[in-house]
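Taking the numbering used here, I'd label the letters of the sequence shown as residues 23 to 197. For each residue, glycine too, the CB sits at the ideal point set by N, CA and C.
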Amino acid sequence: MSDSPLIKGLVLATAAVLALAGCKAGHGQPQARTTPSNLPVPRYVSLKFAEVNARGGPGDDYRLLWVYRAKGLPLQVIEETPEWRRVCDPKGAVAWVKATGIDGRRTVVRLKPDPLPLLDKPGPGGKTQATLAADAVIGLDHCNKQGWCKLKGRGGGGWAQASEFWGVDDRRQCR
C-alpha cells in the first residue's frame, strides 16, 4: 500500500506544503529566517554617529522622517535588507537607517525620570558606585540569569536590574 501512487503523491504534497511553510517535516517548527547580515532579528545595535537619517523606507529616495542626534543610542533591528535596517527606538518609533550608520556595540538607555544607582555587585546588597541619570545612554557589558546587568561608561559603571532601562528585552519592541 505504501508504494501506491496516491500515497506517494500525498507524501510529496505534504513535504511541499511543509517546505513552503518553512517547517521541518515532522516538527512543525519554523526554520530560522536567514537575514542579509546573517544576524538574528530582532537584535540590538547602537547609533555609530552623532547624526543618522531615519527614512520611511530602505533607500535614500524614501522620505526623511527625522534625524537621530544621539551617538550610541540603542535601537532594535526588526527587519533588514543588505544595506538598510528597519529599527525600533526607545520611544517606540520605527524607521529605516543605513546599515553603515549603526554599530553592533550594545548600549542601553534609562527612560525613567529618576536617577539609577549602579551597584558594585548584582543584587540588593550592593553598594552604589555610580549613578545613571534619566535619559542617559551607557554601554551594556552583559546580563546574568537573575536579571541583573553590568553596565559600563566613561563616568563609571556597575550593576542594575534589567527592568530599569531600555535595550535588553529580547522580544520585539515595536510592530
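Enclosing beta strand (DSSP E) for residue 120 [first to last residue] | On the sequence shown, position 98 is the one that residue 120 refers to. It spans 116–120 - the beta strand (DSSP E) in which residue 120 sits, taken as one unbroken run.
At a cut of 8 Å, does the segment 138–155 reach the segment 112–127 through at least three beta carbon pairs?
-> no
Leaving out five residues on either side along the sequence, give the residues of the same chain with a beta carbon under 8 Å from the beta carbon of residue 141.
-> Taking the first residue of the sequence shown as 1, we reach residue 141 at position 119. Within the same chain, residue 141 has close Cβ partners 148, 149, 150, 151, 180, 181, 182.
Tell whether a beta-carbon distance below 7 Å holds between residue 90 and residue 76.
-> As a position in the sequence shown, residue 90 is number 68, starting the count at 1. As a position in the sequence shown, residue 76 is number 54, starting the count at 1. It is a contact, given that the beta carbons lie within the stated cut-off.
Residue 199 by DSSP, collapsed to three states: which one?
-> Since the first and last residues shown for the chain are 23 and 197, residue 199 lies out of range.
What are the boundary residues of the beta strand (DSSP E) that residue 131 is part of?
-> One-based indexing of the sequence shown puts residue 131 at position 109. Element bounds for residue 131: 129–131.
Under the assumption that residue 97 contacts residue 68 (Cβ atoms under 8 Å), give the Cβ distance between them as a whole number of angstroms.
-> Taking the sequence shown and counting its residues from 1, the one referred to as residue 97 is at position 75. Taking the sequence shown and counting its residues from 1, the one referred to as residue 68 is at position 46. The pair is a contact, with the Cβ atoms about 7 Å apart (cut-off 8 Å).
For residue 184, which three-state DSSP category applies?
-> By one-based count along the sequence shown, residue 184 stands at place 162. If DSSP states are grouped into helix, strand and coil, residue 184 belongs with the helices.
Can you tell which of 111, 127, 110 has its C-alpha closest to the C-alpha of residue 70?
-> Within the sequence shown, numbered from 1, the residue matching residue 70 stands at position 48. That would be 127, whose Cα lies nearest to the Cα of residue 70.
Where the beta strand (DSSP E) containing residue 172 begins and where it ends | Start at 1 with the first residue of the sequence shown, and residue 172 comes out as number 150. Looking at the DSSP string, the run of the beta strand (DSSP E) that includes residue 172 is 170–175.
Given a threshold of 16 other Cβ atoms within 10 Å of its Cβ, counted over all protein chains shown, does residue 95 qualify as buried or as exposed?
-> If you number the sequence shown from 1, residue 95 lands on position 73. Buried: at least 16 other Cβ atoms inside 10 Å.
Please report the residue range of the beta strand (DSSP E) in which residue 195 lies.
-> Counting from 1 along the sequence shown, the entry for residue 195 is found at position 173. No beta strand (DSSP E) contains residue 195, which DSSP labels as neither H nor E.
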